[in-house]
Structure formats: C-alpha cells, structure tokens
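Below: one structure, written as structure tokens.
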Amino acid sequence: MLKYKALRGTQDILPEEMPLRRQLEETVGRKMKFYNYLEIATPTFEHTGLFVHSTGADTEIVEKQMYTFLDKGGRSLTLRPEGTPPVVRTYIEHSLGMKKPLQKLFYSGAMYRQENPQAGRLRQFHQFGAEAIGSIAPALDAEVIALFLDICEDLGLKELSLQLGSIGCPGCRPPYREKLLGFFADKYDLLCANCRERHQRNPLRILDCKNPSCRRMTEDAPSMLDYLCDDCARHFQELKAHLNTLDIEYRINRRLVRGLDYYTKTVFEVVSPQLGAQDALGGGGRYDGLIEELGAKPTPAVGFAAGIERILLAMEKEDCPSPELCHPKVYVASMEEEAKRLAVRLLQKLRTKMISADTDYLDRSLKSQMRAANNLKVVYTVIIGQEELNKGKALVRNMESSQQEEVEIENLCDYLVQVLNQNQ
RNA sequence: GUGAGUGUAGCUCAGUCAGGUUAGAGCACCAGGUUGUGGCCCUGGUGGUCGGGGGUUCAAGUCCCCUCACUCACCCCA
256 MLKYKALRGT QDILPEEMPL RRQLEETVGR KMKFYNYLEI ATPTFEHTGL FVHSTGADTE
316 IVEKQMYTFL DKGGRSLTLR PEGTPPVVRT YIEHSLGMKK PLQKLFYSGA MYRQENPQAG
376 RLRQFHQFGA EAIGSIAPAL DAEVIALFLD ICEDLGLKEL SLQLGSIGCP GCRPPYREKL
436 LGFFADKYDL LCANCRERHQ RNPLRILDCK NPSCRRMTED APSMLDYLCD DCARHFQELK
496 AHLNTLDIEY RINRRLVRGL DYYTKTVFEV VSPQLGAQDA LGGGGRYDGL IEELGAKPTP
556 AVGFAAGIER ILLAMEKEDC PSPELCHPKV YVASMEEEAK RLAVRLLQKL RTKMISADTD
616 YLDRSLKSQM RAANNLKVVY TVIIGQEELN KGKALVRNME SSQQEEVEIE NLCDYLVQVL
676 NQNQ
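Its first residue numbered 256, the first sequence is counted upward by one per residue in our numbering.
This is the structure we're talking about:
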C-alpha cells in the first residue's frame, strides 16, 4: 500500500492528459492576444483580509472554504480561492490605472477551496480569467463575454448556454431587497430550511434555490430586473444590444445570483448541458465597487473566470478533437559497446539539429529495441551493430515502408535531416 | 458539512448474494518463437498484504463494525 497518496480533491496530471491542457492554454493565450488582454501572474497566497474584504465575509467561500493558516510571523494568510481579488490588488498596488486608463488583463493558475469534491469540483483546481479595469462601457461587458465564448468555441465546444442577468448596484439593490423580503413575509414558513437561513442573510439567494417547492413559490417573486435604477437598466439594455450585434445568443435569467459580494450590474454564467450538477464552465460580471472597497479611487471593472477542469470535462463529453502525444522522429537501435557509444554521439547530433530522437538504455535485444521503436511511432530507426561498424555504415529503416538502406556512418545525421525534411 | 452508491493486477472488470483447494480474464508490460529486425499471430512470464484497520468463524475477497478514498446528489461555484 502506498504510504502517501495525492490529497483529497487534488489531482495528478499524467503525460497523456498534458497535450489537451496545453492546447487549452495555447488557445487562451492566443485569443487573449487578439482581444488585447495582457497576461499577469500573482502569488498563490495573500493576506486573508484581501479575500474577506473583496470576495465577502458572508460568502460561502470565505466562511468555510478557504485554506487559511498563520505564518511564522503570526500573520493570517490564505491560498487564493479565486483570481479576481489578487488581480485587483495588483492593479492598485502597482498603480496600473496611472499607466493606462483601461487595463485589460488575464491570468491562469491554481485556485484552492476546501469543498467536498465531486465531478467538476476539486480542492485545487485551475482557472483562467480576464479582468478589464477602468471602463463602465457596456460594450466592454459584451467583449468579455464574447472573449470567453470565443475561447470555448475555438476548443470545439458547441452546446453552450449563456445566462445573463443584472443584480443592480448599491443604489437599487437595497430597495429591491426590501420588496423581496415583503414578498416572502407571509411565505416564510413554507420555505425550505436552507432558504429560511438565506432569508436572514441574503434573501436574493432564495431565488437560486433548486428545491421544487421553493422554485414554484419564487416564480412570481419580484425580479431584480424589474427594479433596476435608470442607470443599471440602461446599462443592461445596451449590453443586450451589443450582444445582439455580435450575434451572441443569451438567455435572460431573472434569478441569476452570484455567490461573491463584489458583483454589480451585469452577471453572467456559461453553462454546459453535458456536465451535470457542476455545469458552469465560467462566470463573471461587473464589479464597479471593488476597487474603491480595496482603498483606491472608484474604478469600474468587469471580468470572468473559467474552470479549466470543467472545460476539459465538457470537451471530453462533446468529443472535441484532442492533440496527440508527440513522438520522437528517430530511434537508434544498437548492439555492442562500440556501437552504443556511436549511438549516443548520433543522438546528440540529431538533437542539436532539432530532430527528436531516443535510444535503448536497458540493454535489450534488437527485437525488443525494434518493438520499442514501433511503440514510439518513430519515422526512422537506425540500426548499428558489429557488422555495420565493420563496413563503416549503419542501416536506416523507414518504419512505415519497412525499406531500409545502408548509410555511411559519417553522413548519418545529415542524411536523416534531409529525409525527414522531405517528408514534411 | 449531509445523504446514497462503489473500492479486486498499471487499466477495464469477473468472483462477494448462498464464507471452503494455490484469487481469475482481457488490455498493457517483459521475454521467447527468428542465436541481428517492429506491427499480426503463437507460447511463456512479471505484477495483487482483494482500499486500510478491527471483529465473527475451524476457515473471510465474500459476513459485521470503524476508517480512508472515489462517484453521484444536497450545498456551493469555475
């Protein structure tokens, strides 16, 4: 029995799974470039207070999901549970707003939340995300949404649903909240246990309950969308207009609620019907109050975060094309000491000429070496033994055609470079 | 944190209901069939404290308890 296993909710990524991840990473980087978002990276741990004051002290994430610890100086630190607060902290700390009025940034990395793991939900998981800080333009909300959908489509995902909503601003949300409380006043006893708790703390969340009876009850509950202030309503209208011009389909979700405190106005979620319970591939929205909340001058912003493992799951379910592991081009099979020394020299030369190559380090029979070459799917196998050494030549076998010919040992490398280039 | 289901070879799984020789198959891996040539085929081999611990029994992969992990769902969210 293995003494130490990967911790609950963490995952080893094996060689076969890497190509697909790399592809995703490459797609993200490429698309971000086209939309002019620049990459940044922030530390994996921060002062605990950063998340308490941005994500929100009352949120599930901060209340019970953070990996928080004291360092030797007695400071409370936390492994980042999400990417937005660190990015905003960086934006403020390095006065990025002074360098450019609008900063468009993206990141990709591991996040940590101590939840109960299930399909599409890990304790260490990976997110990429974009944050556009400095503009209130609804067109920017649309760009951020378009960017995320563009990435998903480039990866081959087809069955996606964009859920759109608005949760207002500090101006219009409190009055709406009162309205909602009024609506539930005579229904309190009919709510499920969870919702009764929500009633005290965050009544908006009742709208998000999946309990069928709560659902039915909230059907004709007032929606935030009907109580938006003029500013928020106009913003929402303009965003929808922009999405229409971009031919982006969306579904208005009158009860879309986010679990993070900093959202204002626009909220959205991209959902895959392939996925089951954890079906949100990504989500985001506007957070016009966060920068000020963290001590800088008021600055509007909008962004999204996406779950890499969830996207990977969805790609698998939709049979998206996945890149193959790459194979070396040449295998050098050799017998006897002298030939093996020659093989090592040849390998070195090939590699400096940018040709991937490998050989046998297990002192196996020629037959085994040929099998190894076959499993590696190489294009050519070079065979060097005593006979060849005597002649000063080596055999070069084309693995597909099974044709092989003798080549002067001195010319081996140049010969292989030449034939491999012809093939391409 | 709660509920249900599942843990047998590197992988996919038989065997568990009705306890009883030395725990099996396919794939993968290794070797041989050709004393120097891959794929297909044939033969053989390596590999398991049956998730872990405890209990019942003459006897436990099989029954009971605990524990850990995974899966699904609640919850939450990416």
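Glycine included, C-beta positions come from ideal geometry on N, C-alpha and C.
Just to check my reading of the structure: residue i and residue j have Cβ atoms closer than 8 Å, yes? What is that Cβ distance to the nearest angstrom?
i, j, result
"residue 631", "residue 618", "That belief does not hold up - the Cβ atoms of residue 631 and residue 618 are roughly 18 Å apart, past 8 Å."
"residue 635", "residue 585", "5 Å"
"residue 334", "residue 303", "About 10 Å separates the two Cβ atoms, so there is no contact after all."
"residue 528", "residue 657", "Actually they do not touch by this definition, with Cβ atoms about 48 Å apart."
"residue 361", "residue 392", "With 8 Å as the limit, residue 361 and residue 392 do not qualify as a contact, their Cβ atoms being about 19 Å apart."
"residue 263", "residue 378", "7 Å"
"residue 472", "residue 445", "6 Å"
"residue 280", "residue 363", "7 Å"
"residue 661", "residue 650", "6 Å"
Between which two residues does the alpha helix (DSSP H) containing residue i stretch?
i, result
"residue 413", "From DSSP, residue 413 is part of no alpha helix (DSSP H); its letter is neither H nor E."
"residue 366", "Unbroken run through residue 366 is the beta strand (DSSP E), 358-367; no alpha helix (DSSP H)."
"residue 437", "428-439"
"residue 624", "621-630"
"residue 598", "592-607"
"residue 500", "485-500"
"residue 280", "273-289"
Less than 8 Å between the C-beta atoms of residue i and residue j, yes or no?
i, j, result
"residue 565", "residue 533", "yes"
"residue 627", "residue 498", "no"
"residue 310", "residue 337", "yes"
"residue 293", "residue 340", "no"
"residue 406", "residue 265", "no"
"residue 383", "residue 561", "yes"
"residue 479", "residue 538", "no"
"residue 601", "residue 667", "yes"
"residue 390", "residue 487", "no"
"residue 588", "residue 621", "yes"
"residue 597", "residue 671", "no"
"residue 297", "residue 516", "no"
"residue 461", "residue 470", "no"
"residue 530", "residue 567", "no"
"residue 476", "residue 438", "yes"
"residue 219", "residue 368", "Nothing can be reported for residue 219, as the shown portion of the chain is limited to 256 through 679."
"residue 580", "residue 372", "no"
Can you give me the start and stop residues for the beta strand (DSSP E) that residue i sits inside?
i, result
"residue 652", "648-653"
"residue 378", "Taken as a continuous stretch (DSSP letters only), residue 378 belongs to no beta strand (DSSP E), as it is neither H nor E."
"residue 263", "Taken as a continuous stretch (DSSP letters only), residue 263 belongs to no beta strand (DSSP E), as it is neither H nor E."
"residue 613", "612-614"
"residue 535", "535-541"
"residue 522", "519-526"
Whole angstroms is fine: what's the gap from residue i's alpha carbon to residue j's?
i, j, result
"residue 413", "residue 525", "12 Å"
"residue 493", "residue 394", "8 Å"
"residue 348", "residue 408", "35 Å"
"residue 504", "residue 418", "9 Å"
"residue 647", "residue 663", "6 Å"
"residue 259", "residue 388", "43 Å"
"residue 484", "residue 375", "37 Å"
"residue 270", "residue 674", "29 Å"
"residue 351", "residue 582", "44 Å"
"residue 357", "residue 570", "33 Å"
"residue 321", "residue 400", "28 Å"
"residue 641", "residue 607", "26 Å"
"residue 624", "residue 278", "32 Å"
"residue 680", "residue 629", "Residue 680 lies beyond the stretch modelled for the chain, which goes from 256 to 679, so this question has no answer here."
"residue 575", "residue 318", "37 Å"
"residue 519", "residue 284", "28 Å"
"residue 676", "residue 633", "14 Å"
"residue 554", "residue 611", "51 Å"
"residue 323", "residue 381", "19 Å"
"residue 456", "residue 426", "19 Å"
"residue 548", "residue 451", "29 Å"
Report the residue from the options whose alpha carbon sits nearest the alpha carbon of residue i.
i, options, result
"residue 521", "461, 530, 507 and 527", "507"
"residue 481", "463, 509, 597 and 665", "509"
"residue 411", "577, 535 and 326", "577"
"residue 308", "608, 594, 322 and 344", "344"
"residue 645", "652, 591 and 601", "591"
"residue 325", "301, 446, 671 and 346", "301"
"residue 558", "450, 545 and 616", "545"
"residue 402", "501, 553, 579 and 569", "501"
"residue 267", "319, 316 and 365", "365"
"residue 289", "295, 359 and 489", "359"
"residue 616", "457, 599, 454 and 609", "599"
"residue 436", "540, 318, 459 and 448", "459"
"residue 652", "637, 665 and 643", "637"
"residue 551", "353, 573 and 451", "353"
"residue 286", "449, 404 and 540", "404"
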